[in-house]
Amino acid sequence: MKNRLRRLWLPLALLLMTTCAQAFDLQQLDAQLSEPAVVRGDFIQQKHLRALPQPLVSEGRFVLSRELGLLWLLQKPLQQDYRINDAGVALRNGEKWQPTGTQRAAAEYNKLFLAVLRGDSPALQQRFELQLSGTPNAWQLVLTPRSRLLQQIFTRILITGGATAEQVELFEAQGDSTSLSLKNLEIADELSAEERHDLIH
Amino acid sequence: MTSSTEAALKLPAWLLPAFMLALLALVGLTAWQWRNGAPVTANLLALLPEGAADPLEHAAERRMQEPLNRDLVLLVHHNDDLVASRLVGELIKSLNASGLFAQVRSSVDADLPALRRQLLDQRLALLGAKAREQLIGAPDEFVARRLQRLYSPFEGAGLVPVEQDWFGIADLAQRQLPHPGNVQPGPDGSLVAEHAGKRWHVIRAQTRGNAFDDRMPLRVDDLVVTARQRIAAQHGQLLAAGGLLYAAHSQRLARDEASMIGSISMLATLALLLALFRTPRVLLVALPVLVGALSGAAACVALFGNIHVLTLVLGASLIGVSIDFPLHYLSKSWTLQPWRSNLALRLTLPGLALALATNVIGYLALSFTPFPAMTQVAVFSAAGLLGAFACATCLLPRLLDTKLNPWPAPLGWATGWLRLQAALRARIGTPVLLGILLLFCLGGVLQVDFRDDLRQWIGRDPALEQQAQRIGQISGFQPTSQYFLVQAGSADELLSTQQALAERLDTLIAEEQLQGYLALSQLAAPEAAQRRVATALPQLLEAGRPLLALGISTEQLQAELQRMRAPTPISLDQILAGPLGEPWRPLWLGRQPDGTVAGLVSLQGLHDSAALAGLEAGLDGVRLIDRPAELNQLFAATKRKAALLKLAAAGLILGLLCIPFGWRGALRCISVPLLAALASLACLGWLGQPLTLFGLFGLLLVTAIGVDYAILMREQVGGAAVSLVGTLLAALTTWLGFGLLALSSTPAVSNFGLAVSLGLLFAFALSPWAAARQEPAP
Chain A
1 MKNRLRRLWL PLALLLMTTC AQAFDLQQLD AQLSEPAVVR GDFIQQKHLR ALPQPLVSEG
61 RFVLSRELGL LWLLQKPLQQ DYRINDAGVA LRNGEKWQPT GTQRAAAEYN KLFLAVLRGD
121 SPALQQRFEL QLSGTPNAWQ LVLTPRSRLL QQIFTRILIT GGATAEQVEL FEAQGDSTSL
181 SLKNLEIADE LSAEERHDLI H
Chain B
202 MTSSTEAALK LPAWLLPAFM LALLALVGLT AWQWRNGAPV TANLLALLPE GAADPLEHAA
262 ERRMQEPLNR DLVLLVHHND DLVASRLVGE LIKSLNASGL FAQVRSSVDA DLPALRRQLL
322 DQRLALLGAK AREQLIGAPD EFVARRLQRL YSPFEGAGLV PVEQDWFGIA DLAQRQLPHP
382 GNVQPGPDGS LVAEHAGKRW HVIRAQTRGN AFDDRMPLRV DDLVVTARQR IAAQHGQLLA
442 AGGLLYAAHS QRLARDEASM IGSISMLATL ALLLALFRTP RVLLVALPVL VGALSGAAAC
502 VALFGNIHVL TLVLGASLIG VSIDFPLHYL SKSWTLQPWR SNLALRLTLP GLALALATNV
562 IGYLALSFTP FPAMTQVAVF SAAGLLGAFA CATCLLPRLL DTKLNPWPAP LGWATGWLRL
622 QAALRARIGT PVLLGILLLF CLGGVLQVDF RDDLRQWIGR DPALEQQAQR IGQISGFQPT
682 SQYFLVQAGS ADELLSTQQA LAERLDTLIA EEQLQGYLAL SQLAAPEAAQ RRVATALPQL
742 LEAGRPLLAL GISTEQLQAE LQRMRAPTPI SLDQILAGPL GEPWRPLWLG RQPDGTVAGL
802 VSLQGLHDSA ALAGLEAGLD GVRLIDRPAE LNQLFAATKR KAALLKLAAA GLILGLLCIP
862 FGWRGALRCI SVPLLAALAS LACLGWLGQP LTLFGLFGLL LVTAIGVDYA ILMREQVGGA
922 AVSLVGTLLA ALTTWLGFGL LALSSTPAVS NFGLAVSLGL LFAFALSPWA AARQEPAP
């Protein structure tokens with residue numbers, strides 16, 4: 001009995017492992033990333049410009065709503081609130097949100113940004129070849145641009161995470177790169193009244 | 202009258218050979234004119250007067266029209282984007298294979314290095330007015346904004362690398378360039394527009410040569426139809442819009458209608474004649490019609506170089522008029538027995554000649570209007586009538602010198618009708634009848650809508666219009682017919698004026714009256730402004746201190762400022778030549794012969810053209826060009842002019858009629874057609890129909906035809922009843938031609954047909970009054 005069990009254990013474990021690995025596909029990642037209604041956290045962004053000896057580091061907080069979009073509250077080295085949703089990017093100017101007249105490449109980039117954080121892989125798949133590896137708790141997604149136009153801007157985008165995306169690294173064709181770490185993540189069911197107000201008005 | 206004609210029964214012998222010779226020459230001329238295919242055009246614009254007498258406005262108009270005539274916009278959608286891409290690929294292949302297109306674009310093959318180079322080299326010239334002001338007036342703020350953009354995660358990746366653009370001037374220039382419309386490069390660089398959650402692939406194609414000539418529109422249309430079927434078969438959707446498709450539609454419609462109406466009219470007329478005269482020989486009356494059409498077309502091609510399909514449609518109905526000549530003398534066969542065609546012709550000739558003269562006077566009066574459309578129709582009709590008359594008098598009598606035994610019934614009807622009329626006159630009295638008619642006319646005329654609209658000239662296709670509208674919504678491109686023409690002494694002045702105008706347009710955009718515009722001042726700064734910015738550059742170094750904290754050295758900043766100052770001011774031409782300048786290039790008309798320069802400001806998505814009124818006030822050299830409004834005004838002016846010309850012609854005809862009939866008789870003869878036209882106009886009013894330019898032309902035609910009826914009723918060759926039968930026959934055949942036009946789907950043509958049909962009815966009913974002094978013969 002014990003022997004038989006022992007004999008069975010290895011194939012069973014192997015079977016389990018492979019099914020697990022196979023089961024964690026893009027669909028599942030989508031489901032996993034789009035599950036939380038609200039994600040809050042801190043971010044640290046490092047822009048590595050090859051012309052600069054040190055990276056441009058900025059920090060702040062963010063609130064991502066599956067439904068309404070993203071609030072990006074830059075705190076250091078300067079204070080600036082951003083809002084990004086399907087309509088585009090807006091800057092907080094006093095009480096009002098002022099849309100930035102984004103150029104085409106930036107608009108494309110912003111859509112991408114939102115798609116990454118929301119786990120909208122169909123949107124990503126239109127633009128990139130996606131390669132997913134890892135497990136639901138520790139996965140890595142590599143994005144390679146499909147079009148020549150996008151290839152002239154990005155070479156590769158790397159996203160790692162667990163329950164949510166935790167790190168995004170973006171490599172630009174001109175040699176610059178940006179890395180974004182999302183920390184102290186907390187998942188919630190609802191936005192606060194203030195956040196909701198900011199995202200809607 | 203009859204006694205004087207007995208002496209010379211025979212027509213001069215040389216008449217027939219002379220006519221045959223002329224006919225041969227006409228056929229030869231036509232064959233030569235058609236040697237390179239049919240000289241037929243469907244270009245609607247060719248029918249419109251060249252409103253712009255000013256060569257500059259003319260050039261501007263041509264520049265704005267060009268895309269309208271040559272561009273084709275196609276939108277493809279499929280739920281599966283990969284399938285959509287494949288469908289687009291197939292469509293492009295078929296467009297290219299057709300050889301009809303000079304250019305087919307479905308993606309931005311953005312040459313990024315070239316864009317980068319232009320941004321770097323011309324950054325001071327490309328910087329917008331607001332940014333220039335900030336740079337000069339508040340350099341600290343300018344640098345603060347730059348820092349903000351550097352840190353922003355969203356405004357990433359400009360085209361120019363940061364180390365070549367520390368101050369972000371090129372970056373800012375790139376950001377602020379407007380990109381009108383909703384079309385953007387998609388994930389794979391292909392042009393896409395997203396609307397209401399649907400993703401559309403956009404293809405723009407530009408044909409070779411002019412859209413309106415040859416068979417180009419039809420071939421493009423066929424291509425689109427085939428593509429639509431193929432895409433629909435794979436559950437995709439194709440939308441298409443372009444002037445070409447409208448041209449194809451109206452060309453097809455006009456040709457189909459011309460041949461349909463022409464042949465129905467011909468067949469019905471011939472059937473009618475066969476039934477009445479009971480000999481196939483009578484079908485030879487079609488000969489004058491053919492000769493008439495041939496002469497009309499030949500005259501038009503000789504005078505204008507080509508003939509328009511609309512003229513052909515209206516000309517097709519000339520069949521009904523030119524057949525009147527033989528009919529009038531053939532109708533004498535009811536009483537003139539045994540039938541002798543020469544005698545009948547000889548008896549009716551004075552009346553026929555008078556009718557021809559009045560008709561031709563009427564038509565030629567119209568050719569003095571500034572409308573090429575009307576001139577063409579008038580020339581076609583006048584020449585056609587002359588040809589038909591010549592054939593009807595020189596050739597036809599010899600061919601019809603046979604036994605004629607017409608169906609007697611119509612003569613009985615005519616006698617009955619005349620009796621009824623006489624009874625009516627006896628019981629109620631002409632003045633009372635006239636009073637009733639005039640009251641009816643007054644009531645109707647007051648309700649007539651005299652407005653004209655260019656759109657009535659086009660056979661409308663709701664499906665095409667709906668597609669164009671959807672494409673406008675999806676792509677955000679809703680070009681308007683109105684635009685501004687700006688003229689100035691130098692390019693700098695031009696840019697400043699356009700900038701001032703642009704600021705006014707910005708308010709309209711803020712008020713949501715306008716969606717957008719394209720002005721040269723959005724792209725390029727005046728050279729003087731470039732110099733001002735260049736002088737202010739050194740203060741940026743001072744203000745640039747926060748940049749040093751990022752690890753940038755002072756030397757790097759200095760070097761960049763140095764590089765920016767190096768190029769001399771950049772001219773508008775140079776800026777337009779770069780890849781960024783492409784959307785603006787058509788707006789630049791360049792230096793004019795008088796030394797000034799000119800440029801345009803085009804508008805997008807204008808809700809109400811009234812919003813533009815007075816917008817250019819106080820700006821020197823700015824003209825608002827509103828071609829549709831100009832044309833509609835011109836329509837109104839032409840209508841007035843045509844009506845006056847016609848009145849003048851009526852005066853002339855009155856004078857002419859005084860010779861045989863005396864002034865009382867002449868007055869009676871001329872008032873029949875004038876009353877008929879008035880009554881027809883009143884009917885239009887009662888029916889809620891507008892009077893378009895072509896409708897007016899119809900009324901004028903009614904007066905011309907009505908004079909014929911009046912003359913023939915007055916002459917009474919062979920008796921009143923016989924003359925009335927002749928008039929009825931003429932009215933019936935004319936109605937078979939024109940009445941059918943009322944069925945046309947081109948509003949202008951149908952309005953014309955309706956006006957003529959109604960007028961004919963009244964002209965026929967009123968014609969016995971022309972002879973009211975004589976007792977009707979039993």
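Residue numbers (my numbering), protein chains in the order written: chain A, 1 to 201; chain B, 202 to 979.
Note that CB positions come from ideal geometry on N, CA and C, so glycine has one too.
Keep in mind that this is a model prediction, so the values were computed, not measured.
Please report how far the alpha carbon of Ile524 (chain B) lies from the alpha carbon of Asp650 (chain B), in whole angstroms.
As a first step, residue 524 (chain B) is located in the second sequence; it is residue number 323 there, counting from the start. As a first step, residue 650 (chain B) is located in the second sequence; it is residue number 449 there, counting from the start. Distance between the alpha carbons of Ile524 (chain B) and Asp650 (chain B) is about 33 Å.
What separation, rounded to the nearest whole angstrom, lies between the Cα atoms of Ala21 (chain A) and Gln304 (chain B)?
What you label residue 21 (chain A) is simply residue 21 of the first sequence in a count that begins at 1. What you label residue 304 (chain B) is simply residue 103 of the second sequence in a count that begins at 1. Confidence is the limiting factor: at Ala21 (chain A) the pLDDT is only 46, short of 50, which leaves the residue's position unreliable and the question unanswerable from this model.
From which residue to which residue does the beta strand (DSSP E) around Arg156 (chain A) run?
The residue labelled residue 156 (chain A) in the question sits at position 156 within the first sequence. Arg156 (chain A) -> beta strand (DSSP E) spans 154-161.
Counting pairs of beta carbons, one from the region 487-499 of chain B and one from the region 961-969 of chain B, are three or more of them closer than 8 Å?
Short answer: they don't touch.
Between which two residues does the beta strand (DSSP E) holding Leu944 (chain B) run?
By 1-based counting over the second sequence, the position of residue 944 (chain B) is 743. Neither: Leu944 (chain B) is in no beta strand (DSSP E) and is coded neither H nor E.
Using DSSP with H/G/I as helix, E/B as strand and the rest coil, what is Gly852 (chain B)?
The residue given as residue 852 (chain B) occupies position 651 in the second sequence. Correct three-state label for Gly852 (chain B): helix.
For the region 49-62 of chain A, which residues have a beta carbon sitting closer than 7 Å to at least one beta carbon of chain B?
Within the region 49-62 of chain A, the residues whose Cβ lies closer than 7 Å to some Cβ of chain B are Leu49, Ala51, Leu52, Pro53, Gln54, Leu56, Ser58, listed in chain order.
For Leu68 (chain A), decide whether its Cβ has a neighbour in chain B, counting only Cβ atoms nearer than 8 Å.
Walking along the first sequence from the start, residue 68 (chain A) turns up at place 68. No, because no Cβ of chain B sits closer than 8 Å to the Cβ of Leu68 (chain A).
Closest to Pro418 (chain B) by C-alpha separation, out of B:Leu788, B:Met265, B:Ala449, would be which residue?
If you number the second sequence from 1, residue 418 (chain B) lands on position 217. Out of B:Leu788, B:Met265, B:Ala449, B:Ala449 has the C-alpha closest to the C-alpha of Pro418 (chain B).
Taking Cβ positions only, does Gly752 (chain B) come closer than 8 Å to chain A?
Mapped onto the second sequence, residue 752 (chain B) falls at position 551. Output row for Gly752 (chain B): interface = yes.
Mind checking whether Ile462 (chain B) and Leu941 (chain B) have CB atoms under 8 Å apart?
If you number the second sequence from 1, residue 462 (chain B) lands on position 261. If you number the second sequence from 1, residue 941 (chain B) lands on position 740. Yes, the pair counts as a contact, with Cβ atoms nearer than the cut-off.
Does the beta-carbon of Arg746 (chain B) have 16 or more other beta-carbons within 10 angstroms, so that it is buried, or is it exposed?
Working through the second sequence from its first residue, we reach residue 746 (chain B) at position 545. It is exposed - the Cβ of Arg746 (chain B) has fewer than 16 other Cβ atoms within 10 Å.
For Gln349 (chain B), would you say it is in contact with chain A, using Cβ-to-Cβ distances shorter than 8 Å as the test?
Locating residue 349 (chain B) in the second sequence gives position 148, counting from the first residue. By this cut-off, Gln349 (chain B) is an interface position.
For Gln174 (chain A), decide whether its Cβ has a neighbour in chain E, counting only Cβ atoms nearer than 8 Å.
Although the question refers to chain E, the structure presented lacks it and instead comprises the protein chains A and B.
In chain order, each beta strand (DSSP E) run of at least 3 residues that lies wholly inside the region 715-800 of chain B
715-720, 789-792
Please report the residue range of the beta strand (DSSP E) in which Phe62 (chain A) lies.
Taking the first residue of the first sequence as 1, we reach residue 62 (chain A) at position 62. Here the beta strand (DSSP E) through Phe62 (chain A) covers 56-65.
Proximal residues of chain B, C-beta to C-beta of Gln80 (chain A) below 7 Å
By 1-based counting over the first sequence, the position of residue 80 (chain A) is 80. Counting only Cβ-Cβ distances below 7 Å, Gln80 (chain A) has contacts in chain B at Gln349, in chain order.
Below 7 Å on C-beta distance, what does Leu74 (chain A) contact in chain B?
Taking the first residue of the first sequence as position 1, residue 74 (chain A) is located at position 74. Result: Tyr352.
Report back the beta-carbon spacing between Val284 (chain B) and Gln438 (chain B) to the nearest angstrom; my notes put them in contact at under 8 Å.
Start at 1 with the first residue of the second sequence, and residue 284 (chain B) comes out as number 83. Start at 1 with the first residue of the second sequence, and residue 438 (chain B) comes out as number 237. Contact doesn't hold; Cβ gap of about 12 Å is too wide.
Step through the CB atoms of chain A and report whether any lies within less than 8 Å of the CB of Asp282 (chain B).
If you number the second sequence from 1, residue 282 (chain B) lands on position 81. So, interface residue.
So which residues of chain A does Val363 (chain B) contact, with C-beta pairs closer than 7 Å?
Numbered from 1 along the second sequence, position 162 holds the residue referred to as residue 363 (chain B). Result: Leu49, Ala51.
Does Gln126 (chain A) have its Cβ less than 8 Å from a Cβ in chain B?
Within the first sequence, residue 126 (chain A) is the residue found at index 126, counting from 1. Yes, Gln126 (chain A) counts as interfacial toward chain B.
Please classify Glu704 (chain B) as buried or exposed, where buried requires at least 16 other C-beta atoms within 10 Å of its C-beta.
As a working mapping, residue 704 (chain B) is identified with position 503 in the second sequence. Exposed.
Contacts of Leu313 (chain B) in chain A (Cβ-Cβ under 7 Å):
To locate residue 313 (chain B), count along the second sequence from 1; it is residue 112. Within chain A, the residues near Leu313 (chain B) are Gln152.
I need the boundaries of the alpha helix (DSSP H) containing Ser466 (chain B), first residue and last residue.
Your numbering for residue 466 (chain B) matches position 265 in the second sequence. Residues 444-478.
Thr681 (chain B), DSSP secondary structure in three states:
What you label residue 681 (chain B) is simply residue 480 of the second sequence in a count that begins at 1. If DSSP states are grouped into helix, strand and coil, Thr681 (chain B) belongs with the strands.
Could you give the DSSP three-state label for His509 (chain B): helix, strand or coil?
For the purposes of this step, residue 509 (chain B) is identified with residue 308 of the second sequence, where counting begins at 1. Correct three-state label for His509 (chain B): strand.
Would you mind giving the Cβ-Cβ distance between Ala849 (chain B) and Leu858 (chain B), rounded to the nearest angstrom? I have them listed as a contact below 8 Å.
As a first step, residue 849 (chain B) must be located in the second sequence, where it is residue number 648. As a first step, residue 858 (chain B) must be located in the second sequence, where it is residue number 657. Contact flag wrong, Cβ pair sits at about 15 Å.
Give the DSSP bridge partners of Gly88 (chain A), in chain order.
To locate residue 88 (chain A), count along the first sequence from 1; it is residue 88. Answer is A:Asn85.
Within its chain, find whatever has a CB closer than 6 Å to the CB of Leu327 (chain B); leave out the 5 residues flanking it on each side and keep chain order.
Residue 327 (chain B) sits at position 126 when you count from the first residue of the second sequence. Excluding positions up to five away in sequence, the list reads Ala374.
Rounded C-alpha distance that separates Gly954 (chain B) from Leu882 (chain B):
Within the second sequence, numbered from 1, the residue matching residue 954 (chain B) stands at position 753. Within the second sequence, numbered from 1, the residue matching residue 882 (chain B) stands at position 681. C-alpha separation (whole angstroms): 12 Å.
Just to confirm my understanding: we take Val142 (chain A), look at its own chain, exclude 5 residues before and 5 after, and list those with CB closer than 7 Å. What are they?
Taking the first residue of the first sequence as 1, we reach residue 142 (chain A) at position 142. Cβ within range, chain order: Gln131, Arg156, Leu158.
Selection from B:Asp372, B:Arg376, B:Val393 that minimises the alpha carbon distance to Gly382 (chain B):
Taking the second sequence and counting its residues from 1, one reaches residue 382 (chain B) at position 181. Cα-wise, what sits closest to Gly382 (chain B) is B:Val393.
State the CB to CB distance for the pair Val274 (chain B) and Arg405 (chain B), rounded to an integer number of angstroms; the pair is presumed to be in contact (CB under 8 Å).
Residue mapping note: residue 274 (chain B) aligns to position 73 of the second sequence, counting from 1. Residue mapping note: residue 405 (chain B) aligns to position 204 of the second sequence, counting from 1. Val274 (chain B) to Arg405 (chain B), Cβ: 6 Å. Contact.
At 4 residues or longer, and completely inside the region 550-612 of chain B: list those alpha helix (DSSP H) runs for me, N to C.
With a minimum length of 4 residues, the unbroken runs of alpha helix (DSSP H) contained wholly in the region 550-612 of chain B fall at 573-591, 597-600.
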